[in-house]
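A quick write-up on the structure given underneath.
There are 2 protein chains.
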Amino acid sequence: MPFPWGLCLMHRSWARPLRGTAPLLGSPARRLTLSAPRRISDFNSFVVRTNTCGELRSSHLGQDVTLCGWIQYRRQSLFLILRDFHGLIQVVIPQDESATSVKKVLCEAPIESVVQVTGTVISRPPGQENPKMPTGEIEIKVKTAELLNPCKKLPFEIKDFIKKTEALRMKYRYLDLRSSQMQYNLRLRSQIVMKMREYLCNLHGFVDIETPTLFKKTPGGAKEFVVPSREPGKFYSLPQSPQQFKQLLMVGGFDRYFQIARCYRDEGSKPERQPEFTQIVDVSDVFRNAEIEFLQDVLKEPQGTIKAICIPGGAKYLRSKDFETIKQFAVDHFNQEVSPVFLKTSGSGKSPLTKLLKEEEKSTLIRLMRVQEEDMLLLAAGEHKKVCSVLGKLRLECADLLEARGVELRDPALFHFLWVVEFPLFLPKEEDPTELESAHHPFTAPHPNDGHLLYTEPEKVRSQHYDLVLNGSEIGGGSIRIHNAEQQQYVLETVLKEDVKMLSHLLQALDFGAPPHGGIALGLDRLVCLITGAPSIRDVIAFPKSFRGHDLMSNAPDYMSPEEIEPYHIQVKSPEVTDRKDVKSVISETESSQELVFPSLAKAENP
Amino acid sequence: MPFPWGLCLMHRSWARPLRGTAPLLGSPARRLTLSAPRRISDFNSFVVRTNTCGELRSSHLGQDVTLCGWIQYRRQSLFLILRDFHGLIQVVIPQDESATSVKKVLCEAPIESVVQVTGTVISRPPGQENPKMPTGEIEIKVKTAELLNPCKKLPFEIKDFIKKTEALRMKYRYLDLRSSQMQYNLRLRSQIVMKMREYLCNLHGFVDIETPTLFKKTPGGAKEFVVPSREPGKFYSLPQSPQQFKQLLMVGGFDRYFQIARCYRDEGSKPERQPEFTQIVDVSDVFRNAEIEFLQDVLKEPQGTIKAICIPGGAKYLRSKDFETIKQFAVDHFNQEVSPVFLKTSGSGKSPLTKLLKEEEKSTLIRLMRVQEEDMLLLAAGEHKKVCSVLGKLRLECADLLEARGVELRDPALFHFLWVVEFPLFLPKEEDPTELESAHHPFTAPHPNDGHLLYTEPEKVRSQHYDLVLNGSEIGGGSIRIHNAEQQQYVLETVLKEDVKMLSHLLQALDFGAPPHGGIALGLDRLVCLITGAPSIRDVIAFPKSFRGHDLMSNAPDYMSPEEIEPYHIQVKSPEVTDRKDVKSVISETESSQELVFPSLAKAENP
């Protein structure tokens, strides 16, 4: 009996094809127009609204319409602005005797109540048109009105959510979501993801495959949430990424796979991470023979280096207190000295360091750094990694300072992409520099030209990892993977001293004809952030967690009774000391990232 | 510097737009053709393969091509069949002196090794064409060959995975995935989901929104996995569905939301659930005055009823041992007696019960049940719910039996949809029938016509829940939700005696202008199962868990050291007794379901 009784129960519904481009409220920093769905026939007999509030124009004059929406505001007892998420429309409250009941509904319903009105589209009286409002030429002459759901006193006004505190926004997220900015962000995000899918699936034959989120602990996978099972002592882990599964899918012959995957990371919250790489120029050789003691000391160290970046117009626009700020910042955040260097192209220059330089050294420096009039150099001498980090950070700090001084450096409407490549495959462990750890993860393949070094000088091997940067923010990264079991085992066992037992299934898989492959993962939240110009990823996620991993709306995580956790054979063990940092815990699950993996031909030498 | 250095590292890749329709191997029970992606320009300079194995035809004759794939098999040292997931191609192994190295590679590489060959497309010698093979008119004359990755001895042959044990398939899932059936299932699944997305997003303006999976325990949400946080004693839950979030999105004004959501359910494994409803006819009145004692006893009970189903042709095709099987089944699974009743339209009939019936009762029964010659009735007398369940199950059992006897009842190529509606809103608790529990969940709205009963006789209220059934299997369900805070609070507090504190955020949300709304959730795994004709949902999931919730490939869940769980302030508490059932635990996370919610106008009377 294939008769849709169920639908009969749904009877009248708001559901209806959109027409206009939505939304029409507010004006975000960076506004892209949302594409309107294609017009489709009104297949649905359960629809009650005949139009959306936002789509009505003069072309609808004289039409009888039924609209549903929220009461945005009321002007005296005469007008009422109705809102749905396609726009605003003005409704004229009838004043005549015969319509007292309708007037009562429309005048007494609190702001943000849900109402349904039926009436006629009429043109506004001459002079009362509102050109700022897409529906500003018309208004609705109401015949009937119905209060669908009243609204209690709001904790804040929907209109100006920007002024609200983060905590208040999170506690009443469902109200915050009504703001035009959040509506715009989440609707645009949905369309961006859809475009990605259409491109991958429809144009390039990628296969969308869901991989499990209840999995086994991954080596080095600290910061993975644990999920107790009903088997005493046994736990699942929530993986930080489908790392292993996507490789197993390659072995399984899904030659083009992608997924919008959840990534669970249990770690202290990072604000929008600043990229820690930069084009820096190594100027060690310039100072090799310079009679500057502290520089010489640095160069004697194994990892010692001297690097510099050029701040265009730095000499002209930055003030001495800026230099102090910069130097202090470097000391505070990196415990690293930096020296501003001023060099006129003439060769003259007034910074302390400049005085100590020979003419020849100055000119080399000017040439190397492509120094122009009124530029400024920032020079750092110290351990390689630290020097790179500090200069990378300072480069952005200086950009902010210069922009604060009115120098136009970055156009927020432009998208500048940058690939960062040739990362080292391994880095010395901080706790014990004689041992190595993966710069990214143990599955990254060595650079084809460095394969031989893997077995002699692993620390010198470059990786086939690549990062993608948009306007200075890292939005994704990926790598060509090791597809050779022996090489993978060598890296895990010999180089990294990892326990390979936990990865036996992966090593085994590589042995059964794994194709060469690689891929990339994009941080979707970050990407949408940059596209919408949102200040935080929390503005592009429907229900984000707080810095401390709390859901302020439902108050998760919450206490559970011993009975509730009993089936999982665990009990709570109250800690001796609860140190602040340890309590911190943020969930990056909402940092969903698009996983796409495709075979390539990264070569791998056998031992 | 927006220059794609990173890509340079990826150099030659297999990646390439597909052309043919894939896959061409195997022949699944129910084969739908996979749509081929639209042709796009070869944008990618890192591509190494010029074609896929499956797409070559006579039209390619004379072309030089580079192919990558797995060695499917080798005929003597003369031919080699290369496979990728777009098809098979025959490669001629060169025999001449000059090509010894190429011959060596192609002859010595083990089966399922990954190789790359370059050569010319030539036509097969007359008489050697293979019409069964889409590429059967041609073959490849090889110039160069390269072994990209050798394959060790396989635990089983890829070709015939059907014969393998479930456990073996799961342990080597990445090999199992190479089978044409799994490739077909997962590729089709991906396309089905994509079509759903295109329909919802592009045609109907639905917004795709991800909701958190680390959330707070939901009332009555037993069987939710718990996730310990770093705050002593505090836990997250993995929700069984985005239940609350989708409603909060409605309040937030996303008037058309959907999501392909993960559902986590920690419960004993159910094989493909059989629907427990059926069109049964209540025949209690027929027997009201019949002098049949055990029937009278039943009718005296409060929930007592007598129901029957008609098995067309049952009298003709089913044997007496079938009847025994059926009766035994009912007793074993439902502890319920059922009686076969044979009634000739003439009124005669030879079953024990028939003898006890008056002529008038027989004729009523024949009329009520629309009994035809050679039909058979199955009659069950007992508690209403139990009788419905047993007859619903037996209806399907009998269908299987009849089909086993060669009666054609169900065409697997046809899709029959059925809506099941007007469920009761509440059911008496099994443990205490004087108390009520939700038939589905506490957020379902009462039927508009029954609203008044909610406050007087809640047990009589019908719900606005609806289930969707495809070919006898439940594939989804949904409901119009309560959008009125008072009504929701009344249901939770007064009717269900739930602790509303845990849902204060939802109740509050309903108070701030929640629009009337409803939705539906489809069980994607189940749906794809029915479309592909797969025997189990594990055949439409890339990495399923076993019945006991184990990942047999990686051996998850696994033990963790006290150190590893220490940050979560829990410790393992070994149980006194570990009873078998308690250990059972299956993960339905892979039962992703499509959540789509849209406002409707379900009315709700206030108290």
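Chains as they are written, first to last, in my numbering: chain L, 1 to 607; chain C, 1001 to 1607.
All C-beta atoms, glycine included, are put in the ideal place defined by N, C-alpha and C.
Chain-ordered, the chain C residues with CB closer than 9 Å to the CB of glutamine 571 (chain L) read Ile1570, Gln1571, Val1572 and Lys1573. Short of 7 Å from the beta carbon of glycine 478 (chain L), and not among the five residues preceding or following it, lie these beta carbons of its own chain, in chain order: Tyr466, Gly518, Gly519, Ile520 and Ala521. The residue from C:Leu1527, C:Gly1087, C:Pro1134 and C:Phe1206 with its alpha-carbon nearest to that of leucine 1188 (chain C) is C:Leu1527. Distance from the CA of phenylalanine 245 (chain L) to the CA of phenylalanine 512 (chain L), rounded to the nearest whole angstrom, comes to 15 Å. For threonine 144 (chain L), there is no enclosing alpha helix (DSSP H); the residue is found in the beta strand (DSSP E) stretching over 138 to 149. The segment 547 to 566 of chain L makes no contact with the segment 184 to 203 of chain L; the number of CB pairs closer than 8 Å stays below 3.
Using a CB distance cut-off of 7 Å, proline 134 (chain L) does not count as an interface residue toward chain C. 7 Å or more divides the Cβ of glycine 1252 (chain C) from the Cβ of tyrosine 236 (chain L). Membership of proline 1567 (chain C) in any alpha helix (DSSP H) is not indicated, and neither H nor E is assigned to it by DSSP.
No residue range can be given for isoleucine 1158 (chain C), since it is assigned to no beta strand (DSSP E) and is classified by DSSP as neither H nor E. If you draw a 10 Å sphere on the C-beta of phenylalanine 415 (chain L), you find fewer than 16 other C-beta atoms in it, and that means exposed. Excluding five sequence positions before and after leucine 61 (chain L), the CB atoms of its chain that fall closer than 8 Å to its own CB belong to Val121, Ile122, Ser123 and Ile138, given in chain order. Remark: C-beta atoms of leucine 507 (chain L) and alanine 485 (chain L) approach each other more closely than 7 Å. Under the 7 Å criterion on CB atoms, isoleucine 1537 (chain C) is classed as non-interfacial with respect to chain L. Between lysine 307 (chain L) and leucine 391 (chain L), the C-beta spacing is below 7 Å.
Among the CB atoms of chain C, one or more fall inside 7 Å of the CB of tyrosine 174 (chain L). Proximity to alanine 1439 (chain C) across C:Arg1262, C:Val1491, C:Pro1352 and C:Leu1377 peaks at C:Val1491, based on C-alpha coordinates. Only Leu1175, Leu1177, Arg1178, Gln1183, Leu1186, Arg1187, Ser1190, Val1193, Met1194, Arg1197, Cys1201, Asn1202, Leu1203, His1204, Gly1205 and Val1207 from the segment 1175 to 1207 of chain C bring a Cβ to less than 7 Å from some Cβ of chain L. Counting along the chain, tyrosine 1455 (chain C) sits inside no alpha helix (DSSP H), nor does DSSP assign it H or E at all.
Contact between leucine 1248 (chain C) and alanine 1556 (chain C) is absent: CB atoms are separated by about 32 Å, not below the 8 Å threshold.
Per DSSP, the continuous alpha helix (DSSP H) segment holding serine 1389 (chain C) begins and ends at 1384 to 1404. Every beta strand (DSSP E) stretch that sits fully inside the segment 320 to 364 of chain L and reaches 3 residues is listed by chain position as 338 to 341.
Residue-level contact check: cysteine 529 (chain L) does not touch chain C, since none of the beta carbons of chain C fall below 7 Å from its beta carbon.
Counting only Cβ-Cβ distances below 7 Å, valine 1371 (chain C) has no contacts in chain L at all, with the closest Cβ about 19 Å away. For glutamine 1072 (chain C), the enclosing beta strand (DSSP E) covers residues 1064 to 1075.
Per DSSP, the beta bridge partners of threonine 118 (chain L) are L:Thr66 and L:Thr144. Between aspartate 1511 (chain C) and chain L, the shortest Cβ-Cβ separation is below 7 Å. Residue-level contact check: methionine 1553 (chain C) touches chain L, since one or more beta carbons of chain L fall below 7 Å from its beta carbon. Residue L:Val117 holds the alpha-carbon nearest to the alpha-carbon of leucine 148 (chain L) among L:Met170, L:Thr444, L:Val117 and L:Lys385.
Spatial neighbours of methionine 170 (chain L) in its own chain (CB-CB distance under 7 Å, excluding positions within 5 residues in sequence) are listed in chain order as Ser546, Leu552 and Met553. A distance below 8 Å between beta-carbons, with the five flanking residues on each side excluded, links aspartate 1400 (chain C) to no residue of its chain.
In the DSSP assignment, lysine 1234 (chain C) falls within the beta strand (DSSP E) that extends over 1234 to 1238.
Two segments are said to touch when three or more pairs of C-beta atoms, one from each, lie closer than 8 Å; by this definition the segment 1405 to 1425 of chain C touches the segment 1302 to 1320 of chain C. Boundaries of the alpha helix (DSSP H) harbouring phenylalanine 1294 (chain C): 1293 to 1300, taken from the DSSP string. DSSP places glutamine 1095 (chain C) in the coil class of the three-state scheme, outside both helix and strand. Residue-level contact check: valine 91 (chain L) does not touch chain C, since none of the beta carbons of chain C fall below 7 Å from its beta carbon.
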